[in-house]
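J.: Have a look at this one.
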Amino acid sequence: MTEQRTPLRTGGKPLRADTERTIRLILQAAERVLSADPTATMEQIAEAAGVARTTVHRRFATRETLIDALTQWATEQFAAAVDNAASDAAPPLVVLYRVTTDVLRVKIGWGFAMTRAATSAHPEIAQVHADVLAKCDRLFRRAQDTGLLRPDVDIAWARRCYYALIHEVTHAHDEATDADVDALTALIIDTLLHGFGTTPAHPATGS
Numbered sequence: 197m198t199e200q201r202t203p204l205r206t207g208g209k210p211l212r213a214d215t216e217r218t219i220r221l222i223l224q225a226a227e228r229v230l231s232a233d234p235t236a237t238m239e240q241i242a243e244a245a246g247v248a249r250t251t252v253h254r255r256f257a258t259r260e261t262l263i264d265a266l267t268q269w270a271t272e273q274f275a276a277a278v279d280n281a282a283s284d285a286a287p288p289l290v291v292l293y294r295v296t297t298d299v300l301r302v303k304i305g306w307g308f309a310m311t312r313a314a315t316s317a318h319p320e321i322a323q324v325h326a327d328v329l330a331k332c333d334r335l336f337r338r339a340q341d342t343g344l345l346r347p348d349v350d351i352a353w354a355r356r357c358y359y360a361l362i363h364e365v366t367h368a369h370d371e372a373t374d375a376d377v378d379a380l381t382a383l384i385i386d387t388l389l390h391g392f393g394t395t396p397a398h399p400a401t402g403s
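Residues 197 to 403, numbered by my numbering, are exactly what the sequence shown covers, in order.
In structure tokens, the structure reads:
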């Protein structure tokens, strides 16, 4: 399971190193267990994490609290993946590859939590997704300005298609090696930029 090294915090303060390690173990175990069985209990998660049940309950008062924390953590990984890959200094195609690769790793590695985050009404999670959408549109506008995308392309539609490609890939691949992710990234970008036709279709003119 790949993750960006985003510091865990509580009450706005960084956690002690040993506490952070324990919480990471619990969250990683929760992702594995809940991906296999969404009805899994706190006891099963504790067993998978290799910690006592009381340790899990001490960190997370209820199962729902644990799942909320897992969702928030995965969302932070998602935001970090985009932030670390995005750059106005690099060519748009390079950034597109970096962002796609890093986002795929998070979405595949944290599939249960990311699926839950997609429908979450939590304001912080909603803000992360809004920020990512704005960064994606900015990248696509740069791609259009540099000729990577056609001048007549609707940026919002291109971004929605890009999101749909990522969604389909992540739901079809519950597990993936680095080589798999690289190949899937190339597939997504090739499909986005070139599609399946040999020439652009213009039904009105027949050309």
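The C-beta atom is built at its ideal place from N, Cα and C for all residues, glycine as well.
Looking at the structure shown, is Pro319 part of a helix, part of a strand, or coil, going by DSSP?
T.: In this structure, Pro319 counts as helix in the three-state DSSP scheme.
J.: Out of Ala317, Pro288, Phe392 and Val365, which one is the CA nearest neighbour of Gly343?
T.: Ranking the options by Cα distance to Gly343, first place goes to Pro288.
J.: So, for Cys332: in the same chain, excluding its five sequence neighbours on each side, which residues have a beta-carbon less than 6 Å away from its beta-carbon?
T.: Around Cys332: Arg355.
J.: Just to confirm my understanding: we take Arg259, look at its own chain, exclude 5 residues before and 5 after, and list those with CB closer than 8 Å. What are they?
T.: Around Arg259: Thr237 and Met238.
J.: With DSSP as the reference, label Val349 as helix, strand or coil.
T.: Val349 falls in the coil class under three-state DSSP.
J.: Using a 10 Å radius around the Cβ and a threshold of 16 neighbouring Cβ atoms, would you call Glu272 buried or exposed?
T.: So Glu272 counts as buried.
J.: Can you grab the Cα-Cα spacing for the pair Thr206 / Val324, in whole Å?
T.: Since pLDDT at Thr206 reaches only 44, below the 50 mark, its modelled position is unreliable, and no value is offered.
J.: Assign Ala285 to one of three DSSP states: helix, strand, or coil.
T.: Coil at Ala285, not helix or strand.
J.: So the candidates are Arg312, Ala314, Val295 and Met310; which of them puts its Cα closest to the Cα of Ile385?
T.: Minimum Cα distance to Ile385 is reached at Val295.
J.: Using the three-state DSSP reduction, which class does His325 fall into: helix, strand or coil?
T.: If DSSP states are grouped into helix, strand and coil, His325 belongs with the helices.
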